[in-house]
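K.L.:
Numbering (the working numbering), first residue to last: 150 to 1151.
This is the structure, below, for whatever I ask next.
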């Protein structure tokens, strides 16, 4: 008969196999949206991603990418598979954690009757079945939990972070089992190494340390006390703080200070101070070990070993400055020396949020104080030059409060605060309101809602979606967008119930382990909520952050099987039958989770993100410059260029990054086939702290300004533009009028061959536009410099997803080519800013790209699930198809207009990509082409769905959370109304108009 150890390993690996197969079958085959494209590109070439980086993940991702054997299209799926395998190993460790805890519970009586620990007692057949059943049910429940499964199928850091969490908990339980052995501290040292490695993945792993501390305390203390427990908690938090502040940024910060001293004060060359610091630091480590041997202190020796092994794991971060020094194509923050590396580690570009004490949302600064000294290398002098310190606002004490939760002064965030608490403009929130926001929104909405998604049910994929319970309305009574969504999952609260049974069972039988599990749950859940201090509006759902808490609760789900067996014991007396029944009932939980969750977690044929990136790149002419927006508008493009080598002649420029000097410097270097940015001003004009923002300072004598002359004045810091923005503050450049113009050499432009034949009469001798009276940011200055200096030699494009405020009112000179707007010295005579249609449609180019060049893989497949985020990019396609069909219709080419409209509906059918705001704009072409029935079906479907969703939202008590979605449906009705009016369909137009009147917010 097999031993329990053998069975434990066998069943554990079987559960691992189930998890691995699940994740590998549902992997996204390419780069997903958000940070995945960036991480995959940076893994493939060991580039430098956004702060604070993830070097351990990148190194392992690089190893995985080598198995592509040169087939670059396989790189993404291999790095995604790294997440899948990391998740499967997390499930394996969870299985072993549950069986170890379950073994202590099942053998509790046997342990009490002997002097042996549970690990030394071999369970009988019934006990084995119970223990292994608990492990299998809990681990499989976690396997199919919503948030963890989401992380497991994409190339992001959270799956590997979960693996580190599971590994250190399992290793601590291994130490607990071997604590009486002379070499048991090796497990502690190994934990330290894993923690060091995990720093190079994500800092979430540090939050397990208090739970590990209590495992240590309970194992070493015969009679634990409240005082001892408090001491353990304090020491654990000190260790967390020491790593989080003392080691991660602290050691490099100290090294940087020593480096500046030795270079600037003593006059030694660069890196001499760093060398001295390393020598002294190594000497101190040697002294620590020597002291531990002299005093025969095992505790000091183990502490020193743990410190060193944390550093060894943390040393993965050395690849950041090493790779940065080679000036790679992705080199965020340019952390090539110790000083810039410290800024990178501290995430200084993202700012900070108040945590324990700080200003509330109405607080007004009463002054400024200089921040910490900042330095940068000056190769000319061989010294570190001091940069202007970042000013930090100060606030009056009466404008500050403890635990400030309502702190953001942004108007949009204030409007969203008011959805949760009754605050007034200009009035300091009370502590009750402050804590109300903490409990209602930050803990309730942004944690417990996610928790319920995983173990009770989820309403839909729409942002802010609620929880589905056994008492929620049935699918058939809900709008199709909700009830028929693959993300509408109802687990009948079975995972929650089983987990609560496990929680009560463990609390009653083994309060120590229950406290350890509970502390793990609290630290990886509610403690993160408190630390993050999230604002009321986030760009996406943040449930992926809290998988540590779902991991901890899954332990209780597994132990719930033991509780079921005890409950069944009142009816079923046979041990084997009782254990088997508990297993069968327990397996219903992961069973229903897998059945409900498979369709919305299966990304196996989804190519939307990378196809959208390639299509945007292929919209551009050769050697173009393309300005893009945020993450989803940029990171897939980075993946396409860096990994698959698509259109490396196009220079992708991220608008938000162009506010930084390090990014502008990178843009002025060649990258692959792309030439440097054509910028005339030197680095001193773009240095951080210089020209960060140019205020409007009206000069009535200046009616308009020549752009080229303006750039020359800025470059020379001409006194004509100098103003003092604040009393007593430094002088800064400004602009005297919002009206700009650029003379055009029409002869030279014609010779370039960039003017379409049908637009030759639209070529202007002078471009004129208004910048408005808002301050000109550095990114705008860069673009203006480029427009002035480029002389139309390189094509300049704006992605069509860029915010209109970043177009700088240049839209009359835009030309739509595929998915991007090209800036040309051609003025569209029909441009109407009220229409919302940007850019003159260049029909031939756009037709060629939309109809022949672009790729739309999977958008016709109704079996692929596209969530709310993935539906945004097909909507962008529809917009361009509609614009093209309208252009052909206006030109009198009905056949082409109908062809384009039909192609759009064929490529993105309603059963895969539901009709959206842009769909009705195809109706005029359909009607003109004799397809009235198809047009009517489209309008009726849009009207019906909008009515259903608006009626649904109007009955929800939290309807204000869905204002954006409701606005979208009202805009959809508006689009239906316009299309019906243009087609002469007064009945459908009036119905849409009536619904708009009914549901429009008053």
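Beta carbons are placed, not taken as given, at the ideal position from N, Cα and C, and that holds for glycine.
Between residue 893 and residue 974, is the Cβ-Cβ spacing less than 8 angstroms?
P.N.:
Yes, the pair counts as a contact, with Cβ atoms nearer than the cut-off.
K.L.:
Considering Cα atoms alone, identify which of 591, 621 and 595 is closest to residue 605.
P.N.:
The shortest Cα separation from residue 605 among 591, 621 and 595 belongs to 621.
K.L.:
Please classify residue 428 as buried or exposed, where buried requires at least 16 other C-beta atoms within 10 Å of its C-beta.
P.N.:
Under this definition residue 428 is an exposed residue.
K.L.:
Taking contact to mean 3 or more Cβ pairs, one atom from each stretch, closer than 8 angstroms, check whether the region 855–872 and the region 881–891 are in contact.
P.N.:
Because the criterion of three Cβ pairs below 8 angstroms is met, the region 855–872 and the region 881–891 touch.
K.L.:
Would you be able to state if there are at least three C-beta pairs under 8 angstroms between the region 489–509 and the region 675–691?
P.N.:
They touch, by the three-pair rule.
K.L.:
Whose CA, out of 318, 491 and 325, lies closest to the CA of residue 1162?
P.N.:
Since the first residue shown for the chain is 150 and the last is 1151, residue 1162 is missing from the structure and cannot be characterised.
K.L.:
Whole-angstrom Cβ separation of residue 370 and residue 314, contact assumed at under 8 angstroms?
P.N.:
Not a contact, Cβ separation roughly 25 angstroms.
K.L.:
Can you tell me whether DSSP reads residue 797 as helix, strand or coil?
P.N.:
Three-state DSSP puts residue 797 in coil, outside helix and strand.
K.L.:
Select from 1024, 633 and 987 the residue whose C-alpha is nearest the C-alpha of residue 624.
P.N.:
Closest option to residue 624, Cα to Cα, is 633.
K.L.:
Closest by CA to residue 346, which one among 467, 956, 375 and 390?
P.N.:
Here the closest residue by C-alpha is 467.
K.L.:
If you follow the alpha helix (DSSP H) that residue 429 is in, where does it begin and where does it stop?
P.N.:
Per DSSP, residue 429 belongs to the alpha helix (DSSP H) from 421–443.
K.L.:
Going by C-alpha to C-alpha distance, which of 289, 195, 191 and 267 sits closest to residue 743?
P.N.:
The residue with the shortest Cα to Cα distance from residue 743 is 289.
K.L.:
Beta-carbon within less than 7 angstroms of residue 748's beta-carbon, same chain only, minus the 5 sequence neighbours each way: which residues are those?
P.N.:
Excluding residues within five positions, the ones whose Cβ falls inside 7 angstroms are 635 and 1014.
K.L.:
In the DSSP output, what is residue 917 paired with across the bridge?
P.N.:
Answer is 890, bridged to residue 917.
K.L.:
So what does residue 527 bridge to, in DSSP terms?
P.N.:
Residue 527 pairs with 532.
K.L.:
Could you compute how far the alpha carbon of residue 1016 sits from the alpha carbon of residue 995?
P.N.:
About 27 angstroms.
K.L.:
Let's test the definition: count the other Cβ atoms within 10 Å of the Cβ of residue 609 and tell me whether it reaches 16, buried, or not, exposed.
P.N.:
Burial call: buried.
K.L.:
If you follow the beta strand (DSSP E) that residue 551 is in, where does it begin and where does it stop?
P.N.:
Counting along the chain, the beta strand (DSSP E) containing residue 551 begins and ends at 549–551.
K.L.:
Quick one: complete alpha helix (DSSP H) runs, 4+ long, within the region 844–883?
P.N.:
With a minimum length of 4 residues, the continuous alpha helix (DSSP H) runs that stay inside the region 844–883 are 856–864.
K.L.:
Just curious, the alpha helix (DSSP H) that residue 1135 is in, first and last residue?
P.N.:
That run of the alpha helix (DSSP H) goes 1135–1148.
K.L.:
Apart from the five residues just before and just after residue 731, which ones in its own chain have a Cβ nearer than 8 angstroms to its Cβ?
P.N.:
So the qualifying residues of the chain are 279, 282, 710, 711, 713, 714 and 717.
K.L.:
Which residues share a DSSP beta bridge with residue 466?
P.N.:
Paired residues: none, contrary to the question.
K.L.:
Within 10 angstroms of the Cβ of residue 408, are there 16 or more other Cβ atoms? Answer buried if so, exposed if not.
P.N.:
Result: buried.
K.L.:
Whole-angstrom Cβ separation of residue 689 and residue 177, contact assumed at under 8 angstroms?
P.N.:
Residue 689 to residue 177, Cβ: 16 angstroms. No contact.
K.L.:
Among 1012, 1057, 1011 and 1020, which residue has its Cα nearest to the Cα of residue 1030?
P.N.:
Among 1012, 1057, 1011 and 1020, the Cα nearest to that of residue 1030 belongs to 1057.
K.L.:
Mapping DSSP to helix, strand and coil, what is residue 169?
P.N.:
Three-state DSSP puts residue 169 in a helix.
K.L.:
Could you tell me the alpha carbon to alpha carbon distance between residue 678 and residue 637, rounded to whole angstroms?
P.N.:
Approximately 25 angstroms, taken between the alpha carbons.
K.L.:
Run the CB neighbour count on residue 443, radius 10 Å, all protein chains shown included, and call it buried at 16 or more, exposed below.
P.N.:
Residue 443 comes out exposed.
K.L.:
Please state whether DSSP places residue 618 in a helix, a strand or coil.
P.N.:
Residue 618 falls in the coil class under three-state DSSP.
K.L.:
By a C-beta neighbour count over all protein chains shown, 10 Å radius and 16 as the cutoff for buried, is residue 858 buried or exposed?
P.N.:
Looking at its Cβ environment, which holds fewer than 16 other Cβ atoms inside 10 Å, residue 858 is exposed.
K.L.:
For a test of the three-state rule: what should DSSP assign to residue 820, helix, strand or coil?
P.N.:
Note: residue 820 maps to strand in three-state DSSP.
K.L.:
Going by the CB atoms, is the gap between residue 1126 and residue 1142 shorter than 8 angstroms?
P.N.:
Yes; because the gap between Cβ atoms is below 8 angstroms, this pair is in contact.
K.L.:
Counting pairs of beta carbons, one from the region 510–522 and one from the region 541–558, are three or more of them closer than 8 angstroms?
P.N.:
Yes, the region 510–522 touches the region 541–558.
K.L.:
So, helix, strand or coil for residue 384, using DSSP?
P.N.:
The answer is helix: DSSP assigns residue 384 an H, G or I state.
K.L.:
Can you check which of these residues, 761, 1076, 866 and 784, is closest to residue 1022 by C-alpha distance?
P.N.:
Nearest C-alpha to residue 1022: 761.
K.L.:
According to DSSP, is residue 950 part of a helix, a strand, or is it coil?
P.N.:
Correct three-state label for residue 950: coil.
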